[in-house]
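Asker: Every position in the sequence shown, counted from 1, becomes a number in my numbering once 1 is added.
To start, I am sharing the structure in question, which I have written as structure tokens.
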Amino acid sequence: MPALSETPTRIATLEQVVRHVDDCLKRCDEYTGQGVWIHRCSRTEIDEQIERISGLLIERRPLPLLGMTLAVKDNIDVAGLPTTAACPAFSYTPHASASVVQKLCDAGVIILGKTNLDQFATGLVGTRSPYGACENFYDHAYISGGSSSGSAVAVAAGMCDASLGTDTAGSGRVPAGFNNLVGVKPSRGLVSTTGVVPACRSLDCISIFARDCDTAAAVLHVAEGFDSTDIYSRARSEITTARGAEIGASFSFGVPAESDLEFFGNAEYEHLFDQALARLEAIHGRQNAIDFGPFKNAGQLLYDGPWVAERLAAIQEFYERLGEKMLPVTRAIIGGAEKLTAVDAFHGVYHLAALRRESRKQWNGIDVLVLPTAGTIYTIEQVDKEPIQLNRNLGLYTNFVNLLDLCALAIPAGFTSGGLPFGITLVAPAGNESALFKIAQRFATGFAGGFPANYSGGGTQ
């Protein structure tokens, strides 16, 4: 990863804050990849934030994230900056920041701007935006993953220390896997979504991107907490947390049976997954095969079932008034909800309840579920030619997580011979983020990360 002159945990003075911000802005200016930002903060906007932090330092306020630079996905409100959800006709300028953004600002972060996304957070590819396709940091011909595309690439390129995304179907995990990042998908309701443009309001989660587990965990620690203004908010005490305390020297992990694994012809990803499983066993993990069927079937409900109607409910007024301003692929997906009925919704609820019961059986005897973050990766050109099916392929290992009330942590797990990142995702029942971080830290220790051996600076060349 690009070396940082000042890591956030070592910043203690305003002078160090300014120096670190200047370094990050220099990287922003030098980066040649396309489609990362929708709005970059002006120097005046950044100086106003630094002045605010100066006042907090004078007041001796606790600032656990002092000087950390942050990018924010452009479906999350930042006071005074436009929120577009990657749809210019939808744009508005909020007077207040999203609850999570305000908490992080109060902890000392500096926001550098708003990042590109698949329009209305509908997609896992990072190409569905009128602001341009977001290119993979490691190879600009490939997709970045989405929908939190710009947020991931901004961190991968060293333009900022961490970033916020959202994750309904995998939007905080797939881009992490494709850009060699840690991607946190917290338990539903653990981080407030007040001030977020909804995708599926009952499922939406704030996600966090960082280059390492320590930074990601530090951001999550500040970001989480009950918010009475969010009807789906849950205090950590409401969410089961016992499993996290059980992770000791050894642990057990579930893996789909070989017949359930799909890599869509990507033999290198398959090999890297096998290597990751071997590494987990080397750090005292015990592998168990599980039936992936209930998880896969639950994931299919997200777009093939009535939950797509929740996407329409989120923007119904805009869709009915200005739907022609949306990208055709986004409008087609969300508009598909018009044929659904209340009867369909109840059938979906009943089906999901049955799948939840079946999936719970698979947790007997395992602490975490281990999956490829994505089974393969595609070029931007490939996705442009076949936007629906290839996007669907990328959600195989991610779409079910929020529907089944699970938490997840995407982590780097090597590179292909062509220098493209591969990642795995650790999944656990809600409330077990600490268990995921414990295993991820052990997995990363001594693991060859950073740039691939044949990397020649693709992010800035």
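Using N, Cα and C, we set each Cβ at its ideal position, and we do this for glycine too.
For Gly424, I'd like the list of residues in its chain whose CB is within less than 7 angstroms of its CB, leaving aside the five on either flank, ordered along the chain.
Answerer: The sequence position of residue 424 within the sequence shown is 423, counting from 1. Ala177, Gly178, Thr374, Ala411, Ile412, Pro413 and Ala414, listed in sequence order.
Asker: Report the three-state DSSP secondary structure of Asn180 (helix, strand or coil).
Answerer: In the sequence shown, residue 180 corresponds to position 179, counting from 1. Three-state DSSP puts Asn180 in coil, outside helix and strand.
Asker: Confirm, please, whether the CB-CB distance from Cys201 to Arg361 is below 8 angstroms.
Answerer: Locating residue 361 in the sequence shown gives position 360, counting from the first residue. Locating residue 201 in the sequence shown gives position 200, counting from the first residue. The answer is no: Cβ separation not under 8 angstroms.
Asker: Kindly indicate which residue of Thr84, Ala343, Gln383 and Val22 has the alpha-carbon position closest to the one of Leu67.
Answerer: The count along the sequence shown starts at 1 and reaches residue 67 at position 66. Selected option, being the one with the closest Cα: Val22.
Asker: Starting from Gly415, trace the beta strand (DSSP E) both ways and give me its first and last residue.
Answerer: Taking the first residue of the sequence shown as position 1, residue 415 is located at position 414. Looking at the DSSP string, the run of the beta strand (DSSP E) that includes Gly415 is Leu407 to Phe416.
Asker: Which partner residues of Ile440 appear in the DSSP bridge assignment?
Answerer: Numbered from 1 along the sequence shown, position 439 holds the residue referred to as residue 440. Bridge partners of Ile440: none, in fact.
Asker: Taking buried to mean at least 16 other C-beta atoms within 10 Å of its own C-beta, is Glu136 buried or exposed?
Answerer: Counting from 1 along the sequence shown, the entry for residue 136 is found at position 135. Under this definition Glu136 is a buried residue.
Asker: On the premise that Thr70 lies in contact with Tyr162, defined as a C-beta separation below 8 angstroms, what is that separation, rounded to the nearest angstrom?
Answerer: Here residue 162 refers to the residue found at position 161 of the sequence shown. Here residue 70 refers to the residue found at position 69 of the sequence shown. Before going further, note that residue 162 is Asp rather than Tyr in the sequence given. Right, their Cβ atoms sit about 5 angstroms apart.
Asker: Taking buried to mean at least 16 other C-beta atoms within 10 Å of its own C-beta, is Gln390 buried or exposed?
Answerer: Along the sequence shown, one-based indexing puts residue 390 at 389. When all chains shown are included, Gln390 counts as exposed.
Asker: Which ranges does the beta strand (DSSP E) cover as unbroken runs of at least 3 residues, wholly within the stretch 339-391, from first to last along the chain?
Answerer: Taken in chain order, the unbroken stretches of beta strand (DSSP E) that lie wholly in the stretch 339-391 and span 3 residues or more are 369-373.
Asker: Under DSSP, the beta strand (DSSP E) around Asp168 begins and ends at which residues?
Answerer: By 1-based counting over the sequence shown, the position of residue 168 is 167. Start and end: Ala163 to Asp168.
Asker: Do Pro388 and Ala181 count as a contact pair if the criterion is CB distance below 8 angstroms?
Answerer: The sequence position of residue 181 within the sequence shown is 180, counting from 1. The sequence position of residue 388 within the sequence shown is 387, counting from 1. Here residue 181 is Asn; the residue named in the question, Ala, does not match the sequence. Going by beta carbons, Asn181 and Pro388 fall outside the 8 angstroms limit.
Asker: Between the alpha carbons of Thr216 and Phe444, how many angstroms are there, rounded?
Answerer: Along the sequence shown, read from residue 1 onward, the residue named residue 216 stands at position 215. Along the sequence shown, read from residue 1 onward, the residue named residue 444 stands at position 443. Each residue's alpha carbon lies about 16 angstroms from the other.
Asker: In the DSSP assignment, find the unbroken alpha helix (DSSP H) run with Asn298 in it and report its ends.
Answerer: Here residue 298 is taken as the residue at index 297 of the sequence shown, counted from 1. Gly294 to Asp305 is the extent of the alpha helix (DSSP H) around Asn298.
Asker: Quick check for students: name the residue ranges of the beta strand (DSSP E) that lie wholly in the stretch 184-229, counting only runs of 3 or more.
Answerer: Annotation: the stretch 184-229 contains the following complete segments of the beta strand (DSSP E) (minimum length 3 residues), in chain order: 206-211.
Asker: Can you list, in chain order, the residues of its chain whose CB lies under 8 angstroms from that of Ile367, leaving out five sequence neighbours each side?
Answerer: Residue mapping note: residue 367 aligns to position 366 of the sequence shown, counting from 1. Once the five neighbours on either side are set aside, the close Cβ partners of Ile367 are Ser253, Phe254, Gly255, Asn289 and Ile291.
Asker: Tell me whether the beta-carbon of Val175 lies closer than 8 angstroms to the beta-carbon of Ala224.
Answerer: Position 174 of the sequence shown, counted from the first residue, corresponds to residue 175. Position 223 of the sequence shown, counted from the first residue, corresponds to residue 224. No, these two residues do not count as a Cβ contact at 8 angstroms.
Asker: Give me, in chain order, the residues of the same chain whose beta-carbon lies closer than 6 angstroms to that of Asn394; leave out the 5 immediate sequence neighbours on both sides.
Answerer: By one-based count along the sequence shown, residue 394 stands at place 393. Same-chain partners within the cutoff: Phe265.
Asker: Would you identify the three-state DSSP class for Leu71, choosing helix, strand or coil?
Answerer: In the sequence shown, counting from the first residue as 1, residue 71 sits at position 70. Looking at Leu71 - three-state DSSP - the assignment turns out to be strand.
Asker: With H, G and I counted as helix, E and B as strand and the rest as coil, what does DSSP make of Ala158?
Answerer: Here the question's residue 158 lines up with position 157 in the sequence shown. In this structure, DSSP gives Ala158 a state outside helix and strand, which the three-state scheme calls coil.
Asker: On a Cα-Cα basis, can you pick out the residue from Val183, Ser98, Leu15 and Val79 that is closest to Leu58?
Answerer: Position 57 of the sequence shown, counting from 1, holds the residue named residue 58. Of Val183, Ser98, Leu15 and Val79, the residue nearest in Cα terms is Leu15.
Asker: How many Å lie between Asn392 and Ala314 at the Cα?
Answerer: Against the sequence shown, residue 392 aligns to sequence position 391. Against the sequence shown, residue 314 aligns to sequence position 313. For Asn392 and Ala314, the distance between alpha carbons rounds to 22 angstroms.
Asker: Under the criterion of a Cβ to heavy atom distance below 7 angstroms, does Glu325 qualify as lining the ligand SAH?
Answerer: As for the ligand SAH, it is missing from this structure, which has no ligand bound.
Asker: Figure out for me which residue from Leu407, Gly420 and Thr417 has the closest Cα to the Cα of Leu427.
Answerer: Within the sequence shown, numbered from 1, the residue matching residue 427 stands at position 426. Looking at the Cα atoms, Leu407 is the closest of the given residues.
Asker: Between the stretch 28-40 and the stretch 134-149, do at least 3 Cβ pairs fall closer than 8 angstroms?
Answerer: yes
Asker: Identify which residue in Cys106, Ser148 and Lys74 has its Cα closest to the Cα of Val220.
Answerer: For this step, residue 220 is matched to residue 219 along the sequence shown. Minimum Cα distance to Val220 is reached at Cys106.
Asker: Please go through the stretch 34-116 and give each complete beta strand (DSSP E) segment of 3 or more residues, from N-terminal end onward.
Answerer: 38-41, 70-74 and 111-116
Asker: When the Cα of Leu118 is compared with those of Ser188, Val79 and Val73, which residue comes out closest?
Answerer: Stepping through the sequence shown from its first residue, residue 118 is reached at position 117. Among Ser188, Val79 and Val73, the Cα nearest to that of Leu118 belongs to Val73.
Asker: To the nearest angstrom, report how far apart Lys27 and Cys88 are at their CA atoms.
Answerer: Within the sequence shown, the letter at position 26 stands for residue 27. Within the sequence shown, the letter at position 87 stands for residue 88. CA-CA distance, Lys27 to Cys88, rounds to 28 angstroms.
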